[in-house]
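Here's the structure, in structure tokens; my notes come after.
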């Protein structure tokens with residue numbers, strides 16, 4: 076019987092984290108693994124959101140431990156730190172392709188999207204300027220449909 080895909084993915088990420096910790100002579104702790112598992116279940120999460128989620132079941136994990144673990148996840152390629160407005164969010168990038176974001180300036184909702192036409196236009200502009208794109212990020216700020224309806 077094959078393993079459940081989500082559980083298999085979590086095992087893969089735990090293995091990546093353990094390898095990174097071993098390479099840097101850092102300890103594997105249950106706290107780091109619990110933080111990773113919680114992080115993988117959430118989207119565009121802040122350290123504070125993970126803290127509030129974890130304190131419901133493991134109140135002994137401190138916010139500083141969460142920040143340090145999120146930094147480790149960024150170092151080993153499982154997370155990417157993003158600044159949306161005034162908040163720092165962490166995004167699970169281990170299984171995602173490129174995507175862009177729309178951020179609501181009212182409520183903070185983050186919507187991921189992909190658009191082939193936008194990607195092609197960026198490539199065309201780069202080609203026209205003889206520019207080689209190595210990476211990019213597109214963030215659109217405005218109001219989500221819920222907040223726009225309230226205005």
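Residue numbers (this note's numbering): 76 to 226. Glycine is no exception: its CB is placed at the ideal position from the N, C-alpha and C atoms. All figures in this text were calculated on a predicted structure; none of them were measured in a lab.
With residue i as the anchor, note down where its alpha helix (DSSP H) starts and where it stops.
i: residue 219; result: Taken as a continuous stretch (DSSP letters only), residue 219 belongs to no alpha helix (DSSP H), as it is neither H nor E.
i: residue 106; result: 105-115
i: residue 140; result: 138-150
i: residue 128; result: 122-129
Grouping DSSP H, G and I as helix and E and B as strand, with all else coil, what is residue i?
i: residue 202; result: helix
i: residue 207; result: coil
i: residue 155; result: strand
i: residue 181; result: coil
i: residue 101; result: coil
i: residue 93; result: helix
i: residue 81; result: Note that residue 81 has pLDDT 46, beneath the 50 cutoff, so the model's placement of it is unreliable and the number below is only indicative. Helix, per DSSP.
i: residue 76; result: Bear in mind that a pLDDT of 43 at residue 76, under 50, signals an unreliable position, so the number given afterwards is only what the model happens to contain. Residue state, collapsed to three classes: coil.
i: residue 132; result: coil
i: residue 118; result: coil
i: residue 193; result: helix
Grab me the residues of residue i's own chain with a C-beta within less than 7 Å of its C-beta, minus the 5 sequence neighbours each way, in chain order.
i: residue 188; result: 174, 175 and 177
i: residue 150; result: 95
i: residue 89; result: 108 and 111
i: residue 103; result: 93 and 96
Below 8 Å on the Cβ atoms is my guess for residue i versus residue j; work out the distance and round it to an integer in Å.
i: residue 114; j: residue 154; result: 7 Å
i: residue 165; j: residue 120; result: 6 Å
i: residue 136; j: residue 129; result: 5 Å
Hey, quick one: how far does the beta strand (DSSP E) through residue i stretch, first residue to last?
i: residue 167; result: 162-167
Taking DSSP's pairing of strands, which residues face residue i in a bridge?
i: residue 176; result: 187 and 214
Counting only the same chain and skipping the five closest in sequence on each side, list residues whose C-beta sits under 6 Å from that of residue i.
i: residue 77; result: A caution first: residue 77 carries a pLDDT of 45, below 50, which makes its placement in the model unreliable, though a value can still be read off. There are no such residues.
i: residue 142; result: 122
i: residue 168; result: 155
Take residue i and list the residues in its own chain whose beta-carbon comes closer than 8 Å to its own, dropping the five residues that flank it on each side.
i: residue 219; result: 177, 179, 181, 182, 184 and 186
At a Cβ threshold of 8 Å, is residue i touching chain B?
i: residue 165; result: Although the question refers to chain B, the structure presented lacks it and comprises just one protein chain.
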